[in-house]
Amino acid sequence: MSIHKIVESPSVKPSLLLDFSNSKSVDDRLTFTRSSTASYYDGVTKHISAQNMIRRSQDFSTSHWLYSMAAINSSGLAAPDGTATAMKLTENTTATQTHSAAQTGSNAIKFVGGEPYTFSVYAKAAENDWILLDFTQYNVINQRCWFNISNGTLGTMASGCTGSTQNVGNGWYRCMVTCTIATTGQSWAPQIITANANNARHYAGTVGNGMLIWGAQLQRGSVATPLLQTQQEPILQHQPTLLTKASGEPRIDHNPSTGECRGLLIEEQRVNQITRSVVSNTGWSFTNCARDGYDIAPNGTTEALVVRPDGSGVHFFLFNGQVNQNTVYTFSVYVKSAGLNHVQIASSTGFVSGFRNFNLDDLTVGSSDIGEQGAQEGIEDVGNGWRRLWITETATGSSPTGRFALQGISNATAGRLTYGNGENPYKGISYWGAQMEVGKGRTSHIPTSGSTVTRAAEICEMSNIGAYDWYNRDEGTLYSEYAVNLFNTSQGVVAMYSTDYGNDWMGFYSNAPNADGTSAMTIASYQSSPASAIAGGHTIRLENGVTNKQFEIGQFTKASVSYGPTALRTAGDGTSLETLGTRHGPDHDVLSLHKLYQNGFNGKAAHIKKVAFYPKQMTVAELEELTEL
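With the working numbering, letter number 377 in the sequence shown gets 410, and the count goes up by one each step, no holes.
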């Protein structure tokens, strides 16, 4: 039975209920402080993460494509991605005319006025080495750009357009043109046109002459993002947007993959030591990498950089940062497949030389030669193909050039920085939001743009609780539903404590991490005054009551501690843990959601869905029902 059913029970009703996951707000009686901005997901705001308005983006031989003085005369040719899906567009007449393939008629596009749109296609020279991409708008002047596909240079471009190319290897170029549509609702027919020279549109064709084409894409925005292959219908994908809360505003955070509200997010102070969190040509060092493409980042911007091997050898890139000997660092980064499905994070200067591989498909960690394991690594699904990876290591020496290097790899068993020789340069990885912070485990993203940035610690508590009607000094039950997001030293989550006696408290905390990355959650109470009081604590156990239950990062638990004149009782996840002997009533005056007691066990990173107080001492059966998963 869930807490909702217990709350509705007339016999067991909370006098205080802080239901962050359902109310999506913070009670006015709580004091919350954070002297900086901070990142979170609100569970509502989304952005377009990928789009292709073209139907049949690969198969130009279908009825979705209409031809004028041209034809598809061969197919099954080698495409940029290594498949046999490219086709040859050729002139099929000697007439002096445009030789084109277009999506017209019922496949024409109706655009939003005043917005930029980008049309792109992959092309390879054959008999013809020029291609024209043309937005044909009915009754309005055309927008177009010519491209030389023998060397990747731009030709003539219409006013108001911007064009660019990407060399993706083996003679293939991605040709891209962006223009802004004038009026909402007007129909446009994107055209791919063969050309025998710059600025040539109407010319006498030569039957059989043409070029290879593959992967057409039309999308809203001024950047051509990685190709999204379509079949019968266009594709439009959305993703939760990583937002920023202003200083002093609490974060009600959501899981970006599932949409689940994770409750109130509380984190300790952390500093992003990487001064440019956006992976770019500024501040980052690249070796044998092509980096001329962009993607839509988790925050909705086009800041994500697509990095691909250039085929000349081992490829990797890195950002140098100051590290200090014997200090623990966690490096994290957001990644998304742009053809490659594995990423390697390798450490070098300032750290033991080693690596870890991550599988973006099944969210697993592959081969590794680094000794620190468990909580020191992780991969998290943050929605629509984006993953956040992290790795924790202890610096073996102080260096201004501490390094975590990145590279996309073909499989999770590859060794350290061995990938890239002769590999397909079309395939790559989109990167964004790099972070290096002191401490075990990653915390929420801290953006930087030229200097280090500090996200301040969060403090959330209710003071002088003895003055509230909901509090009962003589007997009561404290309940919480929460998840710990990193396992460092022992850290408090929810507690009631005394400011008069600094070691007097009861509540819930996580233990230091195990070697496998898990941790036990502890329910405990301690009372130093009066001297006759007892202290007790118990970790949440499995059903057999013997073996400690070990929690993974982000795993929610339900815990309770109940006190009264005769006993102290604890329960977690539906299991009674321990009943202790005579118990004096506590003299607590603070309800804390960020530390365990006045001078210790400060919270590191946790989501808190609910906190409740019941003004009675519950029985063992009631506690088990209250905490049942």
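Note that beta-carbon positions come from the ideal geometry of N, C-alpha and C, so glycine has one too.
Classify residue i as buried or exposed, calling it buried when 16 or more other Cβ atoms lie within 10 Å of its own Cβ.
i              : result
lysine 637     : buried
leucine 575    : With a pLDDT of 44 at leucine 575, under the threshold of 50, the modelled position of this residue cannot be trusted; read the value that follows with caution. By the 10 Å Cβ count, leucine 575 comes out exposed.
lysine 460     : buried
isoleucine 567 : Per-residue confidence for isoleucine 567 stands at a pLDDT of 41, beneath the threshold of 50, marking its modelled position as unreliable; no derived number is given.
asparagine 357 : exposed
aspartate 606  : buried
proline 546    : buried
lysine 143     : exposed
asparagine 232 : exposed
glutamine 306  : buried
aspartate 395  : exposed
tyrosine 501   : exposed
glutamine 409  : buried
asparagine 55  : exposed
glutamate 413  : buried
alanine 564    : Residue confidence is low: alanine 564 scores 42 on pLDDT, short of 50, so the model does not pin down where it sits. Its coordinate-derived value is still stated next. Exposed: under 16 other Cβ atoms inside 10 Å.
glycine 109    : exposed
proline 273    : buried
asparagine 314 : exposed
leucine 51     : buried
glutamate 266  : exposed
valine 145     : exposed
With DSSP collapsed to three states, give me the class of residue i.
i              : result
glycine 499    : helix
alanine 83     : strand
glycine 435    : strand
leucine 659    : helix
glycine 243    : strand
alanine 516    : strand
methionine 358 : According to the sequence provided, residue 358 is glutamine. The question's methionine does not apply to it. Note: glutamine 358 maps to coil in three-state DSSP.
glutamine 409  : helix
alanine 230    : coil
serine 220     : strand
asparagine 392 : strand
serine 48      : coil
asparagine 140 : helix
alanine 654    : helix
lysine 582     : coil
valine 594     : strand
serine 523     : coil
leucine 261    : coil
leucine 629    : strand
tyrosine 236   : strand
serine 255     : coil
Checking the sheet assignment: what are the DSSP bridge partners for residue i?
i             : result
arginine 420  : Val368, Asp414
glycine 383   : The partner list for glycine 383 (beta bridge, DSSP) is empty, contrary to what the question assumes.
glutamine 176 : Phe168
histidine 375 : Asn392, Ile442
glutamate 426 : Tyr362
glycine 248   : Looking at the DSSP assignment, glycine 248 forms no beta bridge with any residue, so it has no partner.
tyrosine 530  : Trp538, Val623
leucine 610   : Paired residues: none, contrary to the question.
glutamate 494 : Thr64, Ser625
threonine 510 : Ser595, Tyr647
Tell me where the beta strand (DSSP E) around residue i begins and ends.
i              : result
leucine 276    : 276–278
valine 623     : 623–625
leucine 269    : 268–273
histidine 640  : 638–647
asparagine 635 : 633–635
serine 153     : 149–158
leucine 351    : 349–351
proline 342    : 337–342
arginine 602   : 601–605
tyrosine 73    : 71–73
glycine 399    : 397–401
tyrosine 559   : 554–559
alanine 489    : Neither: alanine 489 is in no beta strand (DSSP E) and is coded neither H nor E.
serine 135     : It is alanine, not serine, that sits at residue 135 in the sequence shown. Per DSSP, alanine 135 belongs to the beta strand (DSSP E) from 133–135.
Under 9 Å between C-beta atoms, does residue i make it to chain B?
i           : result
proline 342 : In the structure shown, chain B cannot be found, because there is only a single protein chain.
State the start and end residues of the unbroken alpha helix (DSSP H) segment that holds residue i.
i             : result
asparagine 55 : 53–56
For the segment 82–131, list the beta strand (DSSP E) runs that are entirely contained and at least 3 residues long, ordered along the chain.
Entirely contained in the segment 82–131, the beta strand (DSSP E) runs reaching 3 residues are, in chain order, 99–101, 103–110, 119–124.
Give the list of continuous beta strand (DSSP E) stretches no shorter than 3 residues that lie fully inside the segment 447–486.
DSSP runs (the beta strand (DSSP E)) wholly in the segment 447–486: 461–471.
If you scan the segment 275–333 from start to end, which runs of the beta strand (DSSP E) of 3 or more residues do you find wholly inside it?
Here the runs fully enclosed are 276–278, 284–287, 294–300, 303–305, 318–320, 322–328.
Write down every uninterrupted run of the beta strand (DSSP E) in the segment 178–219 whose length is 3 residues or greater and which is fully enclosed by it, in chain order.
List check, beta strand (DSSP E) in window: 186–190, 195–202, 205–213.
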